[in-house]
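Accompanying notes for the structure given below.
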Amino acid sequence: MSLRRLLLPLLLLCLSLPASANLFDQRPAASPIGTPLNNSSDFLPVREAFKLSLVSSDAQAVTLRFVAAEGYYLYRHRFNFSVEPADLVLGDAELPAGEAKHDEFFGDVEVYYGVLDIRVPLDNPDNRPLRLQVGYQGCADKGLCYPPETEYIEIGDMPAATSGDVAPVATGWNWKELALFFLGGLALTFTPCVLPMLPILSGVVLRGQLGGLRSLTLSLAYVLPMAACFAILGTLMGLFGAGLNLQARLQSAWVLVPFAAFFAFFALAMFGLFELRLPRFISEPLDRLAGKTHGGSHLNAALLGVLSSLLVSPCVSAPLAGALLYISASGDALGGGLKLLALGLGMGTPLVLFAVGGGALLPKTGTWMVTVRNAFGVLLLAVSVWLLERVLPGSLSLALWGLLAGGVAVFLGALEFGPKTHRQKLGQIAGLALLVYALAAWVGALQGASDPLKPLGQLQAGASQSSAKSGAWQTLSSPAELDAALAEAKAGGQPLLLDWYADWCISCKVIEREVFGNAEVGSKLAGWRLIRFDITESNAAQRALLDRYKLFGPPAIQLFAGNGDELLDLRVVGEVNAATFVGRLDQASNRKTGR
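All residue numbers for the sequence shown refer to this note's numbering, where the first residue is 270 and numbers rise by one.
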């Protein structure tokens, strides 16, 4: 599981920001000079890499199964389905939660490894024969992207599916995510929202008698129902999200922008501009009920725990809403319940420690709580910007990250000079670092950069790309154009490099930046004719050309000698690093000179 998928729940709980991880973390090792380097055999044909079969079919649905070979995966967003006859109606395909990946070029994607079952709702009351068209696309971990693929499944009068034919229920949780939600609950405890629960626990539930086994059982009776209330809410949101397919709906600007405003609004509350409370007509009856409930019994402690979860909910509503947003997107009822149960247990753990060991086990209240509250406000603003990233231009999003960093820098005293305590000096140093980042982000945004982790990436890319301009690239997209270019290079005795490229090929972007943008590679390409064949459209003629050269898809690099013959042993399929590719260019050069 990628780092970003693990950090996303904490981000939505206002404890962290998403981290970036490369989509492809494997690179082919350089082959020794003098040995065959053609690595075409490292990859499977598309139908062997991804095997499609029919699991079951009835009047209400068709269940399909994909089996991806080891080291291969399918993109969630590349699935599409259609049916003939056209009067039959297909519903939205039911896909389980995939594994999250992040790429600096294409952002967040979900992928599937191994076995994947897909249920496609179908309105076919007469069980008529049909022809199902299935579109998909996948890649290999080693850096090969297959073109979009289409398969057809003919379905006649199939027997009704039995209970054993139903696709397994996928769950979208694991122990690491539960641990992160638990840590999020711990962090929420040390806020002005939750710490006021301590007097309720000590004065009403425990009646001032801290320590001992009875205090432990009473505090658990108080905390567990509170956590159970959150678990019920998470379960309902999981069911609600699954029924409405919120994962797709939440990508709309009409949803993301209001949510971003919602988080910004609660950030202002964290900064103390106003105070969030339940409406008086709700809070007063709850307060009276809590006051009438006597402690000392486990039943009363449980009732107070339920009431306390209602009383503190407005103050923690922004982090809670973020958690619910994440759970609704997963569409997993069981996972949603367990995640919010972990959140509630995290909030309640310090209360149990307080009941058993007294105040000695917990930090004292003070001005540090204001710092914690302000930190939560900053993280809420970060969540707001993170949501807006999906609908705003990349450079504008980067400018917003810079604005947030600059604002925090100012509040940390980056521009204030004069006598300071040691703690204030440390804050000013952190503020100066954030101010430098803010300036870099604004400069990068003006230059068209978009990655907040590499705010000056556009400038670096421009510098590297300038080194690759030793030869002019010619982009072609039809077999006739390619044949003409090959013939022209052969007639002139000029060696030719053919780079297979597509917009949907992430590894192509990596090679374009890290290999062809490398200064040493650029210098060795002097004298080569550089051809880039764009197979983005992936039409029949382009796919036939792939078959002619026995290629599965991009990226691939072919080297042709001056006599027009391909240097087959130097062919590159999949990703390659600059050092390895320099070695291949050296071998090609040595052959030209007879060494």
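Just so it is clear, CB atoms sit at the ideal spot from N, CA and C, and this is done for glycine as well. It should be emphasised that the depicted structure is a prediction, and the values quoted were computed from it without experimental measurement.
L452 and F532 closer than 8 Å at C-beta = no
Are the Cβ atoms of D752 and I826 separated by less than 8 Å?
-> No.
Which value, in whole angstroms, describes the spacing of the CA atoms of K320 and R817?
-> 23 Å
What are the residues that DSSP puts in a beta bridge with I424?
-> Bridge pairing for I424: L399 [DSSP].
Indicate the three-state DSSP secondary structure (helix, strand or coil) for F335 in the structure shown.
-> In the structure shown, F335 adopts extended strand secondary structure according to DSSP, grouped into three states.
State buried or exposed for P416, treating a residue as buried only when at least 16 other CB atoms are found within 10 Å of its CB.
-> buried
Assess, as a yes-or-no matter, whether the stretch 758-773 is touched by the stretch 822-836 under the definition of 3 or more beta carbon pairs within less than 8 Å.
-> Counting Cβ pairs under 8 Å, three or more are found: they touch.
Around the C-beta of I698, are 16 or more other C-beta atoms found within 10 angstroms, so that it is buried, or is it exposed?
-> exposed
Quick one: what does DSSP say E685 is sitting in, helix, strand or coil?
-> coil
I800 and A754 closer than 8 Å at C-beta = yes
Measuring alpha carbon to alpha carbon, tell me which of Q406, L333, R400, A369 ends up nearest D386.
-> L333
Pick out whichever of Y706, A707, A709, F680 has its Cα sitting closest to the Cα of L695.
-> F680
Would you mind stating whether L525 and L656 have Cβ atoms separated by less than 8 Å?
-> yes
Contacting residues, own chain, Cβ-Cβ under 8 Å from L455 (five flanking each side not counted) | G615, M616, T618, P619
Cα-Cα separation, R812 to D720 | 34 Å
By Cβ distance, which residues of its chain are closer than 6 Å to L725, with the 5 residues on each side in sequence left out?
-> A709, G713
Whose C-alpha, out of V647, A500, Y491, L836, is nearest the C-alpha of L703?
-> Out of V647, A500, Y491, L836, V647 has the C-alpha closest to the C-alpha of L703.
DSSP bridge partner residues for P390 (one or two, in chain order) | A330
Using a threshold of 8 Å, state whether the C-beta atoms of M506 and V575 are closer than that.
-> no
With a threshold of 16 other CB atoms inside 10 Å of the CB of L765, please say whether the residue is buried or exposed.
-> Its Cβ being crowded by 16 or more others within 10 Å, L765 is buried.
So is D351 buried or exposed if we call it buried at 16+ other beta carbons inside 10 Å?
-> Note that residue 351 is Ser in the sequence shown here, rather than Asp. The residue is exposed, with fewer than 16 neighbouring Cβ atoms inside 10 Å.
Three-way DSSP call (helix, strand, coil) for Y818 in this model | DSSP places Y818 in the coil class of the three-state scheme, outside both helix and strand.
Around the C-beta of Q743, are 16 or more other C-beta atoms found within 10 angstroms, so that it is buried, or is it exposed?
-> exposed
N349 - partner residues in DSSP beta bridges | G404
Which partner residues of L765 appear in the DSSP bridge assignment?
-> R798, F829
How many Å lie between L343 and A602 at the Cα?
-> 25 Å
Which residue or residues does DSSP assign as beta-bridge partners of V526?
-> Bridge partners of V526: none, in fact.
Between the CA atoms of V842 and P437 - distance to the nearest angstrom = Residue placement at P437 is flagged as unreliable, the pLDDT there being 37, under the threshold of 50; the coordinate-derived value follows with that caveat. So the two alpha carbons sit approximately 36 Å from each other.
CA-CA distance, G606 and E446?
-> 12 Å
Give me the Cα-Cα distance between R388 and N396, rounded to the nearest whole angstrom.
-> 17 Å
Three-state secondary structure (DSSP) at F319?
-> DSSP, reduced to helix, strand and coil, places F319 within a strand of the structure shown.
In the DSSP assignment, find the alpha helix (DSSP H) that holds Q697 and state where it starts and stops.
-> 691-715
Return the first residue and the last residue of the alpha helix (DSSP H) that W444 is part of.
-> Here the alpha helix (DSSP H) through W444 covers 444-458.
Under 8 Å between C-beta atoms of Y421 and Q402 = yes
In whole angstroms, what separates the C-alpha of A732 from that of A771?
-> Confidence is the limiting factor: at A732 the pLDDT is only 46, short of 50, which leaves the residue's position unreliable, though a coordinate-based value still follows. Straight-line Cα distance between these residues: approximately 23 Å.
L385 in three-state terms, based on DSSP | L385: strand per DSSP, three-state reduction.
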